[in-house]
Structure formats: structure tokens, C-alpha cells
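Novice:
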Amino acid sequence: MSDPVTQLGSNFIRNIIDEDLASGKHASIVTRFPPEPNGYLHIGHAKAICLNFGLAEHYHGRCHLRFDDTNPAKEEQEYIDAIKTDLSWLGFDWGEYEYHASDYFETLYGYAELLVGKGLAYVCDLNAEQMRTYRGTLTEPGKNSPYRDRSCDENLDLLRRMRAGEFADGSRVLRAKIDMAAPNLNLRDPVLYRLLRATHPRTGDTWCLYPMYDFAHGQSDSIEGVTHSLCTLEFQDHRPLYDWFLNALEIYSPQQIEFSRLNLTYTMMSKRRLLELVQEKHVSGWDDPRMPTLSGMRRRGFTAAAVRTFCERIGVGKSDSIIDMSVLEDCVREDLDRVAPRAMGVLRPLKVTITNYPEDQTEVFTVARHPKDPAMGTRTIPFSREIYVDRDDFMEDPPKKFFRLGPGREVRLRYGYIIRCDEVIKDSASGEVMELRCSYDLETGGGVLPEGRKKVKGIIHWVSAAHAVPVEVRLYDRLFSVANPAAEKERGYRDLLNAESFEVLFSALVEPSLAAAEAGDSFQFERLGYFTVDNKDSQPEKLVFNRSVTLRDTWAKLVNN
Ligand code: ATP
Ligand code: MG
4 MSDPVTQLGS NFIRNIIDED LASGKHASIV TRFPPEPNGY LHIGHAKAIC
54 LNFGLAEHYH GRCHLRFDDT NPAKEEQEYI DAIKTDLSWL GFDWGEYEYH
104 ASDYFETLYG YAELLVGKGL AYVCDLNAEQ MRTYRGTLTE PGKNSPYRDR
154 SCDENLDLLR RMRAGEFADG SRVLRAKIDM AAPNLNLRDP VLYRLLRATH
204 PRTGDTWCLY PMYDFAHGQS DSIEGVTHSL CTLEFQDHRP LYDWFLNALE
254 IYSPQQIEFS RLNLTYTMMS KRRLLELVQE KHVSGWDDPR MPTLSGMRRR
304 GFTAAAVRTF CERIGVGKSD SIIDMSVLED CVREDLDRVA PRAMGVLRPL
354 KVTITNYPED QTEVFTVARH PKDPAMGTRT IPFSREIYVD RDDFMEDPPK
404 KFFRLGPGRE VRLRYGYIIR CDEVIKDSAS GEVMELRCSY DLETGGGVLP
454 EGRKKVKGII HWVSAAHAVP VEVRLYDRLF SVANPAAEKE RGYRDLLNAE
504 SFEVLFSALV EPSLAAAEAG DSFQFERLGY FTVDNKDSQP EKLVFNRSVT
554 LRDTWAKLVN N
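Position in the sequence shown counted from 1, then plus 3, gives you our numbering.
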């Protein structure tokens with residue numbers, strides 16, 4: 004595992020921390036990653052995770068994992084478990100510092116009574132619709148609620164009876180008494196508590212009123228002694244409210260610093276939208292390999308190291324932008340190039356018979372598993388009279404620049420002989436090419452080119468028919484057909500899904516060295532890309548490979564070598 008400590012780039016947040024440590028404001032730092040367990044983590048979360056855990060590691064502080072579990076209507080244990088799995092996979096360890104906003108429900112409720120006692124909060128009986136009207140707009144001030152001037156005693160009594168379950172859901176809320184004319188709408192008497200009969204994954208049915216996220220988040224940071232509370236830019240407008248709470252409650256005040264969210268092209272980052280994709284079955288689940296979730300990326304074969312490198316590369320700033328998916332794919336390629344053994348796989352097989360090769364003969368080529376890493380050792384590739392090549396590597400009427408197979412043309416089999424296509428056998432009814440009959444040049448085995456022999460430009464991959472392992476291969480492409488689906492005004496994102504983002508090849512073949520490949524193993528299928536054994540559907544008797552990422556222009560490279 005690469006160590007984030009050494010790779011943390013400089014950024015404006017580090018500058019702030021450096022100053023705070025130099026000035027003695029803090030002796031050490033405490034950060035936190037605060038997911039709401041209402042969905043699976045996506046690559047945007049990875050940015051926040053790498054930042055918070057990376058800073059804690061770098062400054063020898065600590066990073067808390069805190070579940071902001073204030074909305075039992077949307078939160079589930081499944082999500083809590085998945086979040087932990089993803090964090091560990093990324094390589095981060097929160098140790099003993101696992102917290103839940105729900106751990107603080109009693110404390111938070113105490114804070115609410117405290118505000119009521121100070122005349123800074125009141126119970127309001129307006130319904131949701133009325134509250135909206137009273138709230139005003141960005142250009143118009145709001146109006147005071149008719150319940151705003153209830154006495155402290157009445158408010159305390161009502162709040163306690165809310166807690167005791169005397170009132171129906173939606174009938175009353177507790178609100179802060181701030182300023183209905185504040186230019187910042189967050190300060191117009193925001194709701195602190197609402198009645199909600201829902202079973203909480205942790206506190207069960209203990210509570211029938213739950214704090215709003217805004218009333219829980221800042222206080223949770225405060226309770227945990229978080230020094231630098233890092234969040235995304237949309238919370239900038241909430242900061243005055245958090246400060247108002249901490250001030251009113253006279254408790255420790257962490258410093259909130261905002262940074263820009265990660266956006267990626269050809270996907271979407273909102274959990275709400277991702278949940279819709281799952282529920283409406285546009286994808287097979289949260290871990291569909293096309294999803295921007297960490298579980299989807301892991302299943303597809305993206306490595307944790309690649310995701311971390313990506314997060315370092317994009318950096319941390321304050322301006323909103325959208326990063327090209329290719330930046331992430333490049334990180335994946337770079338890492339898989341380093342760690343993935345090579346193999347030959349044929350996606351759409353076309354039979355080739357080497358007519359001048361003895362029928363009962365097999366020979367074996369011993370080649371490196373990885374061209375740049377001898378420690379990976381060697382693999383053996385059997386060769387025999389019948390082989391399969393990829394249909395894409397044959398053209399009946401090829402243009403001049405097509406350096407692969409065509410009638411009368413020569414090509415080199417990777418690691419093997421030069422063959423010439425002598426005859427094309429077609430299905431008489433459909434005209435489809437069924438088989439190529441070729442002859443091989445005995446002098447050219449193992450990549451040898453005899454003196455004076457005409458060079459052959461093309462090299463193609465292949466597998467021996469008798470030895471190849473049949474596998475299923477799943478090809479993935481971008482989930483959306485436009486770069487920024489969330490920004491599209493005319494059409495909803497459902498209409499922008501890429502209909503060609505998923506293709507299954509049921510009759511692919513791979514070389515026998517892959518027979519024992521296990522879930523999560525990645526390989527470079529030479530000339531094709533990186534493929535990873537699926538972690539859900541693959542069986543030892545029928546392997547399923549996911550295409551993780553294609554190779555860039557390998558063909559051109561091989562030809563020029
Ligand atoms: P979503 O809008 O996708 O539901 P969220 O912000 O509501 O995301 P949380 O579970 O509340 O999701 O996020 C946990 C942490 O991850 C927060 O600190 C949040 O700021 C951060 N985070 C979420 N999405 C991104 C993103 N796209 N880029 C960077 N950080 C993010
Ligand atoms: Mg959120």
C-alpha cells in the first residue's frame with residue numbers, strides 16, 4: 004500500500020493547520036469524516052476521506068469516523084457496514100474513534116432545553132406549508148411565527164411532551180429564535196427538532212423526535228474536540244448558524260473550513276440520484292461496476308491505490324469544477340500496469356486452423372508474467388493446430404494500414420509464429436466468416452525473425468483451442484452519454500443514460516494460466532485492457548471478468564515496436 008503520509012499535496016487547508024500548530028492554537032489536530040449512512044460511498048467521499056485521514060496521518064493527529072445518523076427514515080445498517088468496508092479498503096483506519104451522532108442524542112436534547120431556557124428556541128405549531136410561506140425569500144424578509152413569543156415555561160413543557168410522544172408527527176417542531184429577516188435564510192428561525200416515529204438503526208424506538216442535521220453536526224464536532232471541521236462549499240452558508248449554536252450554548256467551537264466538491268464527467272455524485280438508479284434498476288445495484296461508488300469501482304477492478312492517487316492529483320481547492328473521468332482512468336491504468344500480470348484473452352473468438360501444423364502436436368512457450376517485473380515469474384502458453392483469434396483482428400478486405408489478418412496477409416502470433424491467411428471459410432447461408440485456414444512459418448517460433456525474412460508489422464493475441472478456458476467477459480463504458488448529466492436542463496438524467504454502457508460476452512476465451520484466477524484478481528489482457536475477476540458472480544467453474552479500463556492505443560504501440 005502506498006502511504007498517504009508521503010503523498011499529501013500542499014493545499015490551503017494545510018497552510019491553515021501549519022499556522023495553527025505554529026501559533027500554539029492547537030497542539031495536535033483532530034479531523035473527522037462524517038458520512039450520513041443513507042447510501043454507499045462514492046468517489047466524491049473518497050476525496051473527503053483522503054483529505055481528513057491524510058491530514059491526520061501527516062500531522063500525527065487523529066481522524067474520527069462519525070456517522071451523522073440523524074434521519075432514521077433514510078438510514079440503514081447496511082449502509083453503515085458498507086461505509087466501513089469501503090474505508091478499510093481505501094486503506095484508512097479510524098481505530099477506536101468510531102462515533103455516531105446518535106451517541107449524542109441525549110446531550111443534544113439537553114442543548115435544546117438549554118436554548119429554550121435562554122429564550123433562544125421555541126416550539127412552533129405552523130405546518131410545513133405555513134413555515135415555507137413565513138420564511139420569505141432571498142429578496143423578501145420572512146415573518147415571525149405566531150408561536151414565537153411563547154414563554155420559556157410553555158416551550159419547555161411542550162418540548163418535554165414532544166419527547167414523551169404526546170403529539171403526532173408533523174404537528175410541532177422546535178425552532179431556534181434567531182432572525183426572520185436575516186439575509187442568510189439559514190438563520191430564519193431554523194428547525195432544530197422534528198417529531199418522527201421511525202426506528203433508528205442504533206437507538207431503536209427510544210426517540211420520537213430527532214435533531215435536524217444542522218443542529219447535530221456542529222455540536223457533534225464540538226463534543227469530539229474536532230479542531231478542523233472540513234466540509235464542502237455548500238455548507239459555507241450554514242457556518243454562521245453553526246457558530247450561532249456553539250456561541251449560544253457556550254461550548255467549544257471547532258474551525259470549519261470549506262473546500263470544493265468533487266464532480267466527475269459522465270456520472271453523478273448525489274446519493275439521492277444514485278439511490279434512484281438502484282431502485283429503478285437502471286443499474287444492478289450500488290456496486291454495479293458503472294457506478295461512481297467505491298464498491299462499484301472495486302468490483303470493476305479499480306485499485307485503492309489508484310483512487311488515492313487520483314485524490315492527491317486533483318488536489319483540494321475552493322473553486323467548483325468538474326474533473327474529466329479520464330483523469331481517474333489514467334490513475335487506474337498506471338496502477339494496474341504496475342500490478343497486473345499479463346495474459347491473452349480472446350473476446351470474440353474466430354477459429355484459425357494452422358493447416359501445416361501436426362494434428363497431435365502441442366508446444367509450449369514460456370513467457371514473463373510481467374514485462375517490467377521479473378519477480379512475478381513466468382507463465383506457459385500452449386500452442387496447437389487450432390487456435391482462436393479475435394474477430395476484430397481479421398478483415399476480409401482490409402485497408403493498407405490494417406496490419407493484422409486478411410486474405411493472403413501475414414501476422415505474428417504474440418510470443419509465437421508468423422502465420423499467413425490462406426483461405427477464408429464462410430457459412431454458405433449467412434456469409435459469416437467461420438474459420439481462417441492459415442499456414443505457419445516454422446523458422447519464426449518464439450518471436451524469432453530469421454535473417455533476410457520479410458518483417459511482419461502486426462502482432463495479435465490468440466489462445467489454443469484445446470487449452471483455452473471459456474469465460475464470461477463484461478464490458479463497461481460510461482454510465483451517461485453526456486459529460487455533465489446533472490447540469491442538463493432539457494432532459495432528465497434518466498434520458499441521458501448511455502444505452503451502450505454494458506455488454507456481456509458469453510463466449511470469450513482466456514489462456515490456461517488464468518484458470519485458477521480468484522475474485523478481485525486483475526490482469527492485463529494483452530492489447531485489450533485490464534480485466535478483473537468479478538467479486539460477486541464469478542465461479543471457479545465459470546470465471547466472470549469485468550473490463551476495468553481499456554488500454555490507450557496499445558495497438559499503435561505494438562505495431563511500432
Ligand atoms: P450527497 O450529496 O452525495 O448525498 P453528502 O454530502 O450528503 O453527499 P455525506 O454522507 O453527508 O454525503 O458526506 C460525508 C462527507 O463527504 C461530507 O463531509 C461531505 O462534505 C463529503 N462529500 C460528499 N460528497 C462529496 C464530494 N462530491 N466531494 C467531496 N466531498 C464530498
Ligand atoms: Mg449530507
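Built from N, CA and C at the ideal position, the CB exists for glycine as well.
Sort out for me which residues DSSP pairs Ile390 with in a bridge.
Specialist: Val355, Ser467, per the DSSP bridge assignment.
Novice: Which first and last residues belong to the beta strand (DSSP E) in which Gly532 is found?
Specialist: Element bounds for Gly532: 532 to 536.
Novice: Are the beta-carbon atoms of Ser525 and Leu339 separated by less than 7 Å?
Specialist: In contact: Ser525 and Leu339 (Cβ atoms closer than 7 Å).
Novice: Going residue by residue through the segment 435 to 493, where are the continuous beta strand (DSSP E) segments of at least 3 residues, counting only ones entirely within it?
Specialist: Counting whole runs of 3 or more residues, the segment 435 to 493 contains the beta strand (DSSP E) stretches 436 to 444, 472 to 479.
Novice: Which residues in the same chain have their Cβ closer than 7 Å to the Cβ of Tyr137, if we skip the five residues on either side of it in sequence?
Specialist: Cβ neighbours of Tyr137 beyond the five flanking positions: Leu129, Gly145, Lys146, Ser148.
Novice: Kindly list the residues whose CB is nearer than 8 Å to the CB of Leu508, restricted to its own chain and excluding five residues on each side of it in sequence; keep chain order.
Specialist: The residues are Leu350, Arg351, Glu475, Val476, Arg477, Leu478.
Novice: Using the three-state DSSP reduction, which class does Gly42 fall into: helix, strand or coil?
Specialist: Gly42: coil per DSSP, three-state reduction.
Novice: Is Thr34 helix, strand or coil by DSSP?
Specialist: Of the three classes helix, strand and coil, the one that applies to Thr34 here is strand, per DSSP.
Novice: Reducing DSSP to helix, strand and coil, say where Gly173 ends up.
Specialist: In the structure shown, Gly173 sits in coil (DSSP, three-state: anything other than H, G, I, E or B).
Novice: Have a look at Glu22 and Leu252 and give me their C-alpha separation to the nearest angstrom.
Specialist: Taking the straight line joining both Cα atoms gives about 27 Å.
Novice: Using only the heavy atoms of ligand 1, determine whether one of them is closer than 6 Å to the beta carbon of Gly318.
Specialist: Incorrect: Gly318 has no Cβ contact closer than 6 Å to ligand 1.
Novice: My understanding is that Leu416 touches Trp465, with C-beta atoms under 8 Å, so please give their C-beta distance in whole angstroms.
Specialist: Leu416 to Trp465, Cβ: 5 Å. Contact.
Novice: Go ahead and label Asp72 buried or exposed: buried means 16 or more other beta carbons lie within 10 angstroms of its beta carbon, across all protein chains shown.
Specialist: By the neighbour-count rule (16 or more Cβ atoms within 10 Å), Asp72 is buried.
Novice: Out of Met294, Ser287, Tyr245, state which residue places its alpha-carbon closest to the alpha-carbon of Leu1.
Specialist: No answer is possible for residue 1: it lies beyond the span of the chain, which begins at 4 and ends at 564.
Novice: Which term fits Glu544, buried or exposed, when burial requires 16 or more other beta carbons within 10 angstroms of its beta carbon?
Specialist: Exposed: under 16 other Cβ atoms inside 10 Å.
Novice: Give a single yes or no on whether Glu399 has its beta carbon closer than 6 Å to a heavy atom of ligand 4.
Specialist: With respect to ligand 4, the structure shown offers nothing to examine, as its ligands consist of ligand 1 and ligand 2.
Novice: Could you pull out every residue in the same chain whose Cβ sits closer than 7 Å to the Cβ of Pro488, ignoring the five residues on either side in sequence?
Specialist: Excluding sequence neighbours, Pro488 sits near Met271, Tyr496, Leu499.
Novice: Rounded to whole angstroms, how far is the Cβ of Asn549 from the Cβ of Phe528, which I believe are closer than 8 Å?
Specialist: The pair is not a contact, with the Cβ atoms about 12 Å apart (cut-off 8 Å).
Novice: Is any heavy atom in ligand 1 found nearer than 6 Å to the beta carbon of His48?
Specialist: Yes.
Novice: Does the distance from the C-beta atom of Thr34 to that of Ala51 stay below 7 Å?
Specialist: Cβ distance not < 7 Å, so Thr34 and Ala51 don't count as in contact.
Novice: Can the beta-carbon of Tyr418 be found closer than 7 Å to that of Ile357?
Specialist: Their beta carbons are not under 7 Å apart, which means Tyr418 does not touch Ile357 by this criterion.
Novice: Which of the three DSSP states is assigned to Arg555 in this structure?
Specialist: Correct three-state label for Arg555: coil.
Novice: Whose C-alpha, out of Leu482, Ala343, Ser387, is nearest the C-alpha of Pro361?
Specialist: Nearest option by C-alpha distance: Ser387.
Novice: Taking Cβ positions, are Leu199 and Tyr213 nearer each other than 7 Å?
Specialist: Against a cut-off of 7 Å, the Cβ pair of Tyr213 and Leu199 comes out as a contact.
Novice: Go through its chain and collect everything with a Cβ distance to Gln222's Cβ below 8 Å, but skip five positions before and after it.
Specialist: So the qualifying residues of the chain are Tyr107, Thr110, Leu111, Tyr114, Phe248, Leu249, Leu252, Ile254.
Novice: Could you round the C-beta distance between Leu244 and Asn189 to whole angstroms and report it? I think they count as a contact, below 8 Å.
Specialist: Indeed, because the Cβ distance is near 5 Å, the residues count as touching under 8 Å.
Novice: Output the boundary residues of the beta strand (DSSP E) element that contains Pro214.
Specialist: Note, Pro214: beta strand (DSSP E), 212 to 214.
Novice: Of the residues Lys457, Glu389, Lys274, Gly448, which one's Cα is nearest the Cα of Glu413?
Specialist: Ranking the options by Cα distance to Glu413, first place goes to Lys457.
Novice: Tell me which residue opens and which closes the alpha helix (DSSP H) that Ala115 is part of.
Specialist: First-last of the alpha helix (DSSP H) with Ala115: 108 to 120.
Novice: Beta-carbon separation of Lys87 and Asn41 under 7 Å?
Specialist: For Lys87 and Asn41, no; Cβs fall outside 7 Å.
Novice: Decide yes or no for the touch test of the segment 429 to 442 against the segment 369 to 376: beta carbon pairs closer than 8 Å, at least 3 of them.
Specialist: Taking 8 Å as the limit for Cβ pairs, the verdict is that the segment 369 to 376 does not touch the segment 429 to 442.
Novice: Give, in chain order, every unbroken run of the alpha helix (DSSP H) that is at least 4 residues long and sits entirely within the segment 79 to 167.
Specialist: Here the runs fully enclosed are 80 to 93, 108 to 120, 131 to 138, 155 to 166.
Novice: Taking buried to mean at least 16 other C-beta atoms within 10 Å of its own C-beta, is Leu236 buried or exposed?
Specialist: Flag for Leu236 reads exposed.
Novice: Quick one, are the C-beta atoms of Tyr196 and Leu177 less than 7 Å apart?
Specialist: Contact: yes.
Novice: Going by DSSP in three states, Pro385 sits in which element: helix, strand or coil?
Specialist: It is a strand residue.
Novice: Quick check: what's the CA-CA separation for Asn563 versus Pro402?
Specialist: Reliability of the predicted coordinates at Asn563 is poor, the pLDDT of 39 falling under 50, and the value obtained from them is presented with this limitation in mind. If you take the alpha carbons of Asn563 and Pro402, they lie about 18 Å apart.
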